[in-house]
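First the structure, in the form of structure tokens, and then the observations on it.
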Amino acid sequence: MTDVHWVVPEAVADEGRPSGGNVYDRRVCAELARQGWSVQEHLVGGAWPQPDPVALAELARVLARLPDGADVVVDGLLASGADDVVVPEASRLRLVVLVHLPLGSVDDSGALDDAGLRERRVLAAASAVVVTSEWSRRRLGELYGDVPGEVSVATPGVDPGAVAEGSRPGGVLLCVAAVVPAKGHDVLLGALARLVDLSWRCTCLGALDLDRALVTRLQRQARASAIDERVHFAGVMARDELVRTLTGADLLVLPSHAETYGMVVTEALAHGVPVVASDVGGVREALGDEGAGPAGLLVAPGNEAALAGALRAWLEDPQLRERLRERARGRRHTLSGWDTTARSIGSVVMGARSMHEPDPEGIRVPRADP
153 MTDVHWVVPE
163 AVADEGRPSG
173 GNVYDRRVCA
183 ELARQGWSVQ
193 EHLVGGAWPQ
203 PDPVALAELA
213 RVLARLPDGA
223 DVVVDGLLAS
233 GADDVVVPEA
243 SRLRLVVLVH
253 LPLGSVDDSG
263 ALDDAGLRER
273 RVLAAASAVV
283 VTSEWSRRRL
293 GELYGDVPGE
303 VSVATPGVDP
313 GAVAEGSRPG
323 GVLLCVAAVV
333 PAKGHDVLLG
343 ALARLVDLSW
353 RCTCLGALDL
363 DRALVTRLQR
373 QARASAIDER
383 VHFAGVMARD
393 ELVRTLTGAD
403 LLVLPSHAET
413 YGMVVTEALA
423 HGVPVVASDV
433 GGVREALGDE
443 GAGPAGLLVA
453 PGNEAALAGA
463 LRAWLEDPQL
473 RERLRERARG
483 RRHTLSGWDT
493 TARSIGSVVM
503 GARSMHEPDP
513 EGIRVPRADP
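Under the numbering used here, the first residue of the sequence shown carries the number 153, and numbering increases by one thereafter.
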């Protein structure tokens, strides 16, 4: 049996916060255990990725307790904002950093911000880096240049599910995303307000307690547009209820301003549900294109008119609906499960034992042949 320590924010254990990163961590840990690994999970409290001294001290204690030479996967929300804690430990631990979302950015002159400088230092010191999409790998290359050759991709898995029948009018719309500014619910409501002449209803699933002021503004926006009786903010659903809702939907709508992959996209496709989404990050990658064309429509982020146009096309064109449904049903057969994701990460952990040694002052370099 192979041991691996998995260091994650304590929010991972909160099933009431089913973010993509939390689900990813939970599912991969469970799959690794099924594949024979001994997975020891370590939860770290704090407001990551912007920790206070108490949170940093807790992370330091967790890492310090691990034995020399241990295989350790650290969630990037912890690692990337804690270079002063993580980098010194890289000299005695085999650290694999799992980057769900690159935290760095650059200004107009191309200079990295402080978050980027910290993240780059952590990634340079790690034995290996894992990201969840090809887009994320490219993004790290844009930000840090010397990291991509050392980055492995382990795309999120998906559970197979029953195929949604789909209603003939196609008006059962579903948005699955926590209600926070980055998810673009205001854009969705603005687009739907342009479609009051058509028949549709939209259910928004996702946490409502992360930004209560935003929820209030969205409810006011819906009332002002006279669509409040057609839009329902349902909060977080249990897994089985979410699956039932997906199989009863006609279309997933994801108006996000940023997504590293878009796990909900592949989850919808696993049920044969087409997608209309913002063309951001790894969404195009998740949507796929198996030769017959993508199983959905992509629009510019933040563009109410473009989103409304795509939704109108879906609602008014039965031939388009049928084409996209056929493509979605085809795409579901190309999706991989969480077992594949876990094997990918397991291979990275095993490879980190012999392929590279950490260099805290620069990029990782291959070990010299004996």
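Even for Gly, the Cβ is constructed at its ideal location relative to N, Cα and C.
The structure displayed is predicted, hence computed values, not measured ones.
Listed in chain order, the non-local C-beta contacts of residue 195 below 8 angstroms within the same chain comprise 160, 161, 162, 164 and 165, local neighbours out to five positions each way being set aside.
Put simply, of 181, 232, 224 and 420 the residue whose alpha carbon is nearest the alpha carbon of residue 201 is 232. The DSSP-derived three-state label of residue 246 is strand. With respect to residue 418, residue 438 sits close: the two C-beta atoms are nearer than 8 angstroms. In chain order, 428, 449 and 451 place their CB closer than 7 angstroms to the CB of residue 462, counting only its own chain and leaving out the 5 sequence neighbours on each side.
Going by DSSP, residue 429 is part of the beta strand (DSSP E) stretching over 427-430.
For the pair residue 402 and residue 373, the CB atoms are not nearer than the 8 angstroms cut-off. In the DSSP assignment, residue 466 falls outside any beta strand (DSSP E) and lies within the alpha helix (DSSP H) extending over 456-468. The C-beta of residue 368 has fewer than 16 other C-beta atoms within 10 Å across all chains shown, which makes the residue exposed. In the same chain as residue 199, and ignoring 5 residues on each side of it, the C-beta atoms closer than 8 angstroms to its own belong to 207, in chain order.
The beta carbon of residue 336 sits closer than 6 angstroms to the beta carbons of 407, 408 and 409 from its chain, once the five residues preceding and following it are set aside; these are given in chain order. Beta-bridge partners assigned by DSSP to residue 280: 248.
Around the beta-carbon of residue 228, 16 or more other beta-carbon atoms lie within 10 Å, marking it buried. Each residue's CA atom was taken as its position, placing residue 210 and residue 218 some 13 angstroms apart. By DSSP's assignment, residue 193 forms a beta bridge with 158. The stretch 488-495 and the stretch 338-352 do not touch, with fewer than three beta-carbon pairs separated by less than 8 angstroms.
Take residue 179, set aside five residues on each side of it, and the residues of its chain with a beta-carbon closer than 6 angstroms to its own are 490, in chain order. Where residue 424 is concerned, there is no enclosing beta strand (DSSP E), because DSSP gives it neither an H nor an E. Per DSSP, residue 348 lies in no beta strand (DSSP E) segment and is marked neither H nor E. Within the same chain, 322 and 466 come within 7 angstroms of residue 473 by CB-CB distance, once the 5 residues on both sides are set aside. By DSSP's assignment, residue 223 forms a beta bridge with 246. The Cβ neighbour count for residue 307, taken over all protein chains shown within 10 Å, is at least 16; the residue is labelled buried. Counting of Cβ neighbours within 10 angstroms places residue 412 among the buried residues, the total reaching 16 or more.
Short of 6 angstroms from the beta carbon of residue 362, and not among the five residues preceding or following it, lie these beta carbons of its own chain, in chain order: 330 and 332. In the structure shown, residue 353 adopts extended strand secondary structure according to DSSP, grouped into three states. Contact check between the stretch 231-246 and the stretch 475-484: fewer than three CB pairs, one atom from each, fall below 8 angstroms, which does not count as touching. Secondary structure at residue 328: strand, using DSSP grouped into helix, strand and coil. Taking a C-beta distance under 8 angstroms as the contact criterion, residue 425 and residue 404 qualify as a contact pair. Ranked by how close their Cα comes to the Cα of residue 250, the residues 271, 505 and 446 have 271 in first place. DSSP places residue 337 in the helix class (H, G or I) of the three-state scheme. For residue 387, the uninterrupted beta strand (DSSP E) segment begins and ends at 383-387. Annotation for residue 449: the continuous beta strand (DSSP E) segment containing it runs 448-451.
Listed in chain order, the non-local C-beta contacts of residue 291 below 7 angstroms within the same chain comprise 254, local neighbours out to five positions each way being set aside.
Collapsing the DSSP output to three states places residue 404 in a strand. Its Cα nearest to that of residue 503, the residue 303 stands out among 414, 303, 358 and 394.
Note on geometry: alpha-carbon atoms of residue 223 and residue 392 lie some 34 angstroms from one another.
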